[in-house]
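Working notes, beginning with the structure itself.
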Amino acid sequence: MGSTGFSWKLADHPNLPKGKLVAMIVLDGWGEAAPDKFNCIHVAETPTMDSLKNGAPDKWRLVRAHGTAVGLPTEDDMGNSEVGHNALGAGRIFAQGAKLVDLALASGKIYEDEGFNYIKESFATNTLHLIGLMSDGGVHSRLDQIQLLLKGASQRGAKKIRVHVLTDGRDVLDGSSVGFAEILEAELSDLRSKGIDAQVASGGGRMYVTMDRYENDWEVVKRGWDAQVLGEAPHKFKNAVEAIKKLREAPGANDQYLPPFVIVDDSGKPVGPIVDGDAVVTFNFRADRMTMLAQALEYDKFDKFDRVRVPKIRYAGMLQYDGELKLPNHYLVSPPLIERTSGEYLVHNGVRTFACSETVKFGHVTFFWNGNRSGYFNSELEEYVEIPSDSGITFNVQPKMKALEIGEKTRDAILSGKFDQVRVNIPNGDMVGHTGDVEATVVACKAADKAVKMIIDAVEQVGGIYVVTADHGNAEDMVKRNKKGEPILKDGQVQILTSHTLQPVPIAIGGPGLAAGVKFRKDVPSGGLANVAATVMNLHGFVAPDDYETTLIEVVD
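Start counting the sequence shown at 1; every next residue gets the next number (UniProt numbering).
Here's what the structure looks like:
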């Protein structure tokens, strides 16, 4: 095509051959931190990853996987699997989640767009319901955004507002929900003083109420539906602060798993069930744990549980949670449209691609990798394999998860000779790390290392190249720390960290197909996940598009 016309054709790399199989291995939740007993990666037997780290010094380095490196607002924002895989696949940095919402709120654009104007039609006669995670964790939602949305909606005609809160304790400290509820209640009280009928209507812990993902357990969503829509729950209280304090008194209670509750008036009637004509906004900006509720709110045909009553509502998400399913149909903030991802370029250039993970991270090596787009670019050149995750148990019960099955499927794909790229996510470090079970996370890391070995062994057999990296940290630091980096104690017990971290992640390259003289450059010290795409394109024998973040490798004589 001419100089102005767009072409999918990638230029050949001057010094790197085409035709070598490239295995792209992403370890989920595998950061790099100082070795101690709370660094499960350090404690675990991980001979494969150790050998990569202690091998050729110019074939292993760290890259940034949080904050601005993955499109999040600040360096205090921990990375997550969605933005991480977006960056790995897109090769460029896009404003993400919280940042998109921040921009829309700051400019007021959120109130001008189609989504808000759609829900606004309910304001004159009906209730506006806001459902989501009450937290300042910044992974799924942020309390200050809810405060701005409450103000903005009330200034634009919302007369009756009900908030359905989900307590966190996963991305923030357990017990912090009480303080968040106090902040929210103060905000609602302020609105009431201005004549707005605003209050909390229901609640529950995020892992037990509403926020399931990947269709693991629809009962979680049903518990939320019963409280939010039907106004039914086993526990009834006058306000959210009282509810959370009281429910936290039960033995073994924590924020993540609080049972559902509804707020009732003096006559014992729920103050905020969702009824015909109401407007509903799910205010989480992160998609994975809102998609199931979105289906229940949006779909006419729905058979996952008995909804009992399906109100005719105006529903919008904070963002669109699935671009391919158009779910939800209405949303307050438009997503980053990520086009020209590395996967699409490579398929256009004849690179036959295999992608595999288990259910909990399958979307990451497909949908998120491909720029928030479902399906194949070219079904003749691509094969995506999903291995069903264990369901009905927490991941620390079976910490090996499906790592070895992913390893086996990927090994077979490599040895079949049918593919030029295999791309996998090994979820253990993240999914087991989130349970806070240190011993199980050690087992998880060992299993992940075995899967990596299985894949690298196959790469060696076919003369290929491997790239091993991660999407963000988690398993490498399982304890809360003070400013000096020392574990924080509470009642003599260390405070376990269940969240992601701000740590960098490793990237290693190698394999018999790696051309002599290929090494990591020294002049990209602040490289991040978005630099990986150009690197992988180079290893396939191509030069990345000009607007991609620069490659991490060079070829020296």
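Using N, Cα and C, we set each Cβ at its ideal position, and we do this for glycine too.
Here the structure is a predicted model, which means the values were calculated and not measured.
For the 8 Å Cβ check, are there 3 or more pairs between the segment 458 to 470 and the segment 508 to 527? By the Cβ test, the segment 458 to 470 is in contact with the segment 508 to 527, since at least three Cβ pairs between them sit closer than 8 Å.
If you check the beta carbons only, do asparagine 396 and glycine 429 fall under 8 Å apart? Here residue 396 is taken as the residue at index 396 of the sequence shown, counted from 1. Here residue 429 is taken as the residue at index 429 of the sequence shown, counted from 1. Taking 8 Å as the Cβ cut-off, asparagine 396 and glycine 429 do not qualify as a contacting pair.
Using only the alpha-carbon positions, how far apart do glutamate 408 and glycine 272 sit? Here the question's residue 408 lines up with position 408 in the sequence shown. Here the question's residue 272 lines up with position 272 in the sequence shown. If you take the alpha carbons of glutamate 408 and glycine 272, they lie about 51 Å apart.
Contacts around phenylalanine 6, its chain only, beta-carbon distance under 7 Å, and the 5 residues preceding and following it disregarded: Within the sequence shown, residue 6 is the residue found at index 6, counting from 1. Closer than 7 Å at Cβ, skipping near neighbours: no residue.
Any beta-carbon of chain D closer than 8 Å to the one on valine 22? You won't find chain D in this structure, because it holds only one protein chain.
Would you check if the distance between the CB atom of asparagine 425 and the CB atom of valine 365 is smaller than 8 Å? Counting from 1 along the sequence shown, the entry for residue 425 is found at position 425. Counting from 1 along the sequence shown, the entry for residue 365 is found at position 365. The answer is yes: Cβ separation under 8 Å.
Where in the segment 141 to 191 do unbroken runs of the beta strand (DSSP E), each at least 3 residues long, occur, reported from the N-terminal end onward? Correct list: 160 to 167.
Could you please give the first and the last residue of the uninterrupted alpha helix (DSSP H) stretch that includes arginine 223? In the sequence shown, residue 223 corresponds to position 223, counting from 1. It spans 218 to 228 - the alpha helix (DSSP H) in which arginine 223 sits, taken as one unbroken run.
Of the listed residues Pro14, Val165, Leu27, nearest to serine 135 (C-alpha basis): Taking the sequence shown and counting its residues from 1, one reaches residue 135 at position 135. Nearest neighbour of serine 135 by Cα position, chosen from Pro14, Val165, Leu27, turns out to be Val165.
Option in Ile507, Ala355, Ala508, Met290 with minimal Cα separation from asparagine 370: Your numbering for residue 370 matches position 370 in the sequence shown. Closest option to asparagine 370, judged by alpha-carbon separation, among Ile507, Ala355, Ala508, Met290: Ala355.
Would you be able to state if there are at least three C-beta pairs under 8 Å between the segment 149 to 161 and the segment 239 to 246? Cβ pair count under 8 Å is below three, so no.
With a threshold of 8 Å on Cβ separation, who are the neighbours of glycine 433 within its own chain once the five nearest residues in sequence on each side are excluded? Looking up residue 433 in the sequence shown gives position 433. Only Gly29, Cys40, Thr441, Ala444, Asn474, Ala475, Met478, Thr498 meet the Cβ criterion.
Spell out the partners DSSP gives glutamate 382 in its beta bridges. Position 382 of the sequence shown, counted from the start, is the residue given in the question as residue 382. The partner list for glutamate 382 (beta bridge, DSSP) reads Thr353.
Going by the CB atoms, is the gap between isoleucine 161 and isoleucine 131 shorter than 8 Å? As a position in the sequence shown, residue 131 is number 131, starting the count at 1. As a position in the sequence shown, residue 161 is number 161, starting the count at 1. No, these two residues do not count as a Cβ contact at 8 Å.
Among Gln96, Leu149, Phe123, Ala65, which has the Cα closest to the Cα of tyrosine 106? The residue given as residue 106 occupies position 106 in the sequence shown. Contrary to the premise, residue 106 reads as alanine rather than tyrosine in this sequence. That would be Leu149, whose Cα lies nearest to the Cα of alanine 106.
Give the straight-line distance between the Cα atoms of glutamate 358 and valine 438, rounded to the nearest whole angstrom. What you label residue 358 is simply residue 358 of the sequence shown in a count that begins at 1. What you label residue 438 is simply residue 438 of the sequence shown in a count that begins at 1. Distance between the alpha carbons of glutamate 358 and valine 438 is about 22 Å.
For alanine 240, the first and last residue of its enclosing alpha helix (DSSP H): Sequence index remark: in the sequence shown, residue 240 carries index 240 (1-based). For alanine 240, the enclosing alpha helix (DSSP H) covers residues 240 to 247.
Looking only at its own chain, which residues have a Cβ that is under 6 Å from the Cβ of tyrosine 331, when we skip the five neighbours before and after it? Working through the sequence shown from its first residue, we reach residue 331 at position 331. Cβ within range, chain order: Gly115, Ala316, Gly317, Leu319, Gln320.
Using DSSP bridges, identify the partner residues of asparagine 425. For this step, residue 425 is matched to residue 425 along the sequence shown. For asparagine 425, which the question treats as bridged, DSSP gives the partners Val26.
To which residues of the same chain is threonine 551 closer than 6 Å at the C-beta, ignoring the five residues directly before and after it? Position 551 of the sequence shown, counted from the start, is the residue given in the question as residue 551. So the list reads Ala534, Thr535, Asn538, once near-sequence residues are dropped.
Residue range of the unbroken alpha helix (DSSP H) whose run includes isoleucine 507: Reading the sequence shown from its first residue, position 507 is the one you call residue 507. Taken as a continuous stretch (DSSP letters only), isoleucine 507 belongs to no alpha helix (DSSP H), being part of the beta strand (DSSP E) at 505 to 510.
Looking at the structure shown, is glutamate 554 part of a helix, part of a strand, or coil, going by DSSP? By one-based count along the sequence shown, residue 554 stands at place 554. In this structure, glutamate 554 counts as strand in the three-state DSSP scheme.
Can you name the start and end residues of the alpha helix (DSSP H) that isoleucine 456 belongs to? Here the question's residue 456 lines up with position 456 in the sequence shown. Under the DSSP assignment, isoleucine 456 falls in the alpha helix (DSSP H) whose first and last residues are 438 to 461.
Cutoff 6 Å; reference tyrosine 376; Cβ partners in own chain excluding five residues on either side: Against the sequence shown, residue 376 aligns to sequence position 376. Within the same chain, tyrosine 376 has close Cβ partners Glu382.
Spell out a yes or no on whether the segment 208 to 217 and the segment 286 to 303 are touching, meaning 3 or more CB-CB pairs, one atom from each, closer than 8 Å. Segment contact: the segment 208 to 217 against the segment 286 to 303, three or more CB-CB distances shorter than 8 Å; contact assigned.
Have a look at Asn329, Val459, Lys480, Ile93 and flag the residue whose alpha-carbon is nearest the alpha-carbon of arginine 170. Along the sequence shown, read from residue 1 onward, the residue named residue 170 stands at position 170. Distance from the Cα of arginine 170 is smallest, within the candidate group Asn329, Val459, Lys480, Ile93, for Lys480.
Is it a yes or a no for the segment 56 to 72 touching the segment 295 to 313, going by three-plus beta-carbon pairs under 8 Å? No, because fewer than three Cβ pairs between the segment 56 to 72 and the segment 295 to 313 fall closer than 8 Å, the two stretches do not touch.
Is it the case that the Cβ atoms of alanine 296 and phenylalanine 261 are separated by a distance below 8 Å? Here the question's residue 296 lines up with position 296 in the sequence shown. Here the question's residue 261 lines up with position 261 in the sequence shown. In this structure, phenylalanine 261 does not lie closer than 8 Å to alanine 296 by Cβ.
On the DSSP bridge assignment, give the partners of leucine 133 in chain order. Residue numbering aside, residue 133 sits at position 133 when the sequence shown is read from its first letter. Bridge partners of leucine 133 according to DSSP: Leu166.
Have a look at alanine 201 and leucine 128 and give me their C-alpha separation to the nearest angstrom. Counting from one through the sequence shown, the residue named residue 201 turns up at place 201. Counting from one through the sequence shown, the residue named residue 128 turns up at place 128. Taking C-alpha positions only, alanine 201 is separated from leucine 128 by approximately 11 Å.
Three-state class that DSSP yields for glycine 59 in the structure shown: The count along the sequence shown starts at 1 and reaches residue 59 at position 59. Here the sequence assigns lysine to residue 59, which means glycine is not the residue at that position. Helix.
Spatially closest choice to glycine 204 from Ser342, Arg373, Glu112, Gln256, by CA coordinates: Taking the sequence shown and counting its residues from 1, one reaches residue 204 at position 204. Considering only alpha carbons, the answer is Gln256.
From the DSSP output, in three-state form, read off histidine 348 for me. Start at 1 with the first residue of the sequence shown, and residue 348 comes out as number 348. Correct three-state label for histidine 348: helix.
Spell out the partners DSSP gives arginine 64 in its beta bridges. Within the sequence shown, numbered from 1, the residue matching residue 64 stands at position 64. Per the DSSP secondary-structure output, arginine 64 pairs in a beta bridge with Gly528.
Residues in its own chain within less than 6 Å of alanine 158 by CB, not counting five upstream and five downstream? Stepping through the sequence shown from its first residue, residue 158 is reached at position 158. So the list reads Phe123, Leu128, once near-sequence residues are dropped.
Verify the contact flag: glycine 108, CB atom, against every heavy atom of the ligand ADP, threshold strictly below 7 Å. The model depicted lacks the ligand ADP and carries no ligand whatsoever.
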